[in-house]
Every structure is written in C-alpha cells, then in structure tokens.
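In the UniProt record's numbering, the protein residues as written are 1 to 337. Data first, discussion second: the structure below is written as structure tokens.
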C-alpha cells in the first residue's frame, strides 16, 4: 500500500518571538504524538528533497539547486551551469548586515524585471546570461564552475550574512561581486522611489545552488503535488508532471504508488516573523491534514511527515488507534526563536 510523503518545511519554526497564545491544532497535535519518529537525511527542504532523490550530499560543491529550480520555473534543460541569483533586501544592524527575502519586502514583478535589466546592462561585458524567470528567482548562466560553495538563501533570511558568504578558493572574487551588485542596486532609481515611499529597498543579490541539471534522475514517488520550484523541477527532471497543491488533503488523487506533497506555506511566513501570518499558516495545515488522515487505511498505508529538520513523523492505521497517547501541545515541538 502507498505512503503519502508530506514535506512541511518550517513546521517547528522558529516561531515569531511575539507570539501571543500559540495555536492548538488538535489534529496536528494528535498526529505528532501518535506517530513514529525516525531520523532522516536533510536539514531543510532542499536537502531533504535531495536525499529523497538520492542526490549525493554536497562535499565541497553545491547541490545543483539552481538548475533544478530553473526547470521548475519553466526553463528547458540545456546542460549548462546555472547559479541562482536572488534579489534581496540588506539592512545594516549595528556591526551586522541582515538579509531579507524578496517576498517579505514586496518585490513586484515590474521592479524585479527593472533590476534584472539593470544587472544585464552593467555586466554585459562579462558575457553572462541572466534569466529572470520569477520575480524572486533569477538564474545566471556561468561558463566555468567557480571554486566556491554557497549557502541557500532561505537559511540566511533574517540573519547576519557574514557566516554564510561563499567559501572556497575564489570566495573573495564572489564577495566582491556581491558588493558590486549591492552598490549597483542601491543607486537604482526604483530603490530611491521605494525608499521615498517608505518601502524596503531591494539593494542586493545572493548567489546559491551552482551546478548543472542532473541526468537520469529516478523519482522515489509516482505523483508530486507542489507549488515549490525545486519540487516541480525534480518532478520534471524525473519524467513526472507535477500537480498544483490541492486546497485539502482530500483532493489528492487515488494513489498508484507513493505520493509527495510539499506544503511550504508555513516556511514562507518565517522571514517576516509575523505572528498572525504564522498562526494562519499552521491553521491552514490543520485544515489540509484532517481529511488526509481519514484516508489512512482506505487509500494510504500511512502519512510520513517531514518537518525538514532531520526527522520524520509517520502515522499509520495502527498509530491512529493509540488513543492512550494524548496530544502534546504544539508549542512543545517548536524551536526556540
């Protein structure tokens, strides 16, 4: 019988510091309390997905996340070397420089395209090709693999950038490039306008996920539901057609084999640290999960939930009957802020 693999990055926070009265989602609390816990490879959504697909762990090189996300954003496979360039907001904080994601600062498609065009014009002599396939995700084609390793932007959002800057033999060259992008974007007319309007500027860029799209990927599941670019890219690179995430777990089609669902609504609220948005996202998961659990037994052998922190929580039909395990408050599972 098939298993539903449910990835919920950011499920355990860190929750907003100003959270007043943490949510008490009863279905989710019972699920987490009655499920069997196991360790698994992967410490975030990207590395968890990579482990599921059998991509080798990064030892001195990046996982090819940019090429796979580009595929998920509509790019065609071309064998070229791709780097993700994310437009970001950089904010000085005493002796630190904090980075924030483009979604949380309201980067519009128009402003994103204007900054991408500015980048193309400024670096035209480099011969680089930039594809702005999504307002919050650009892709830069490189001729040669740089001797650096990078860090995923999602790991850095809301934090000091210094510990996460590119490392390796050519690190200083790429640090200089990031500084040049910062100076270029900071002086852009659209950022002067955004600042005058009281909106955060988009005054920097972040590079990550350098590599070529892997060949011959074999999917560990027979169906994928995801609005996430990486999840869609992995599906397409494996010969599957990803479907959009249905509004409720009951909307998943009858399984012919294991099914993968990526529920990333909670993770998207973390950079903004807004308590109400985070609580609404948790409530959305509760609503989604309730009808899915009802299908354990008739349709699925079980649901394996991945909070993308190196653990899984698997609930089967026998686990549903563990009535003596009373649901623990959700707050006990949360990371400290």
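Every residue, glycine too, gets a C-beta built ideally from N, C-alpha and C. Since we're looking at a predicted model, the values are computed, not measured.
Discussion item. If I follow the unbroken alpha helix (DSSP H) through residue 249, where does it start and stop?
Written reply: First-last for residue 249: undefined, no H or E at that position.
Would you give the residue range spanned by the beta strand (DSSP E) that residue 92 belongs to?
81-93
So within the segment 246-312, which uninterrupted alpha helix (DSSP H) runs reach at least 4 residues, ignoring any that extend past its ends?
Inside the segment 246-312, DSSP marks whole alpha helix (DSSP H) runs of 4 or more residues at positions 265-269, 275-294, from first to last along the chain.
Practice item. Assign residue 340 to one of two classes, buried (16 or more other C-beta atoms within 10 Å of its C-beta) or exposed (fewer than that). Key: Look at the range of the chain in this structure, 1 to 337, and you will see that residue 340 is not part of it.
Candidates 185, 169, 315, 72: which alpha carbon is nearest residue 123's? The residue with the shortest Cα to Cα distance from residue 123 is 185.
Close beta carbons around residue 168, own chain, < 7 Å, minus the five adjacent residues each side:
147, 148, 149
| said: To the nearest angstrom, how far is the alpha carbon of residue 396 from that of residue 129? | reply: Residue numbering for the chain in the displayed model covers 1 to 337; residue 396 lies beyond these limits and cannot be assessed.
Contact belief for residue 242 with residue 231 at Cβ below 8 Å, rounded distance in angstroms: 7 Å
Indicate the three-state DSSP secondary structure (helix, strand or coil) for residue 99 in the structure shown. In the three-state reduction of the DSSP assignment, residue 99 falls in the strand class, which pools E and B.
Please report the distance separating the alpha-carbon of residue 293 from that of residue 106. 35 Å
_6 Å Cβ shell around residue 50 - same chain, five flanking residues per side excluded_ = Taking residue 50 as the centre and dropping the five residues before and after it, the same chain places the C-beta of 63 closer than 6 Å to its C-beta, in chain order.
Query - Where residue 149 falls: helix, strand or coil (DSSP) - result: strand
>> Taking only three categories from DSSP, how would you classify residue 195?
In response: helix
**Request:** Assign residue 338 to buried or exposed, taking buried as 16 or more other Cβ atoms, counted over all protein chains shown, within 10 Å of its Cβ.
**Result:** The displayed coordinates of the chain run from 1 to 337. Any statement about residue 338 would go beyond what the structure contains.
By DSSP, does residue 314 sit in helix, in strand, or in coil? strand
With respect to 6 Å, is the separation between the Cβ of residue 53 and the closest non-hydrogen atom of the ligand HEM below this value? The ligand HEM is absent from the structure shown, which contains no ligands of any kind.
Discussion item. Considering only the alpha carbon of each residue, which of 199, 212, 45 lies closest to residue 237?
Written reply: 212
- Query: Do residue 109 and residue 136 have their C-beta atoms within less than 7 Å of each other?
  - Reply: Cβ atoms of residue 109 and residue 136: not closer than 7 Å.
**Report entry** Sheet register partners of residue 136 (DSSP bridge)
**Finding:** According to DSSP, which records beta bridges pairwise, residue 136 is partnered with nothing at all.
Note to self: Just to confirm my understanding: we take residue 23, look at its own chain, exclude 5 residues before and 5 after, and list those with CB closer than 7 Å. What are they?
What the structure shows: 279, 282, 283, 330
Can you tell me whether residue 202 is buried or exposed, with buried defined as 16 or more other CB within 10 angstroms of its CB?
Classification for residue 202: buried.
Legend entry - Cβ-Cβ separation, residue 240 to residue 68 (assumed contact under 8 Å), whole Å: That belief does not hold up - the Cβ atoms of residue 68 and residue 240 are roughly 13 Å apart, past 8 Å.
Assuming residue 262 and residue 11 are in contact, meaning their beta carbons sit under 8 Å apart, how far apart are those beta carbons, in whole angstroms?
About 12 Å; that fails the 8 Å criterion.
Who pairs with residue 206 in a beta bridge, going by DSSP? 86
Note to self: Less than 7 Å between C-beta atoms, sequence neighbours within five positions excluded: which residues of the same chain meet that for residue 246?
What the structure shows: Closer than 7 Å at the Cβ level, and outside the excluded window around residue 246, lie 225, 252.
- Member of 4, 143, 15, 5 whose CA lies at the smallest distance from the CA of residue 276: 15
Self-check item: Contacting residues, own chain, Cβ-Cβ under 6 Å from residue 166 (five flanking each side not counted)
Solution: 148, 150, 174
### Task
Using the Cα positions of residue 214 and residue 99, report the straight-line distance between them to the nearest angstrom.
30 Å
Q. Whose C-alpha, out of 92, 195, 229, is nearest the C-alpha of residue 74?
A. 229
Note to self: Taking contact to mean 3 or more Cβ pairs, one atom from each stretch, closer than 8 Å, check whether the segment 24-38 and the segment 180-194 are in contact.
What the structure shows: no
Legend entry - Cβ distance (whole Å) where residue 314 is taken to contact residue 27 below 8 Å: The pair is not a contact, with the Cβ atoms about 16 Å apart (cut-off 8 Å).
For this session: May I have the straight-line CA-CA distance separating residue 289 from residue 244, to the nearest angstrom?
Result: Cα-Cα distance, rounded: 16 Å.
**Q.** Under 7 Å between C-beta atoms of residue 152 and residue 139
**A.** no
*Would residue 33 pass as a contact of residue 301 if the rule is Cβ separation under 7 Å?*
no
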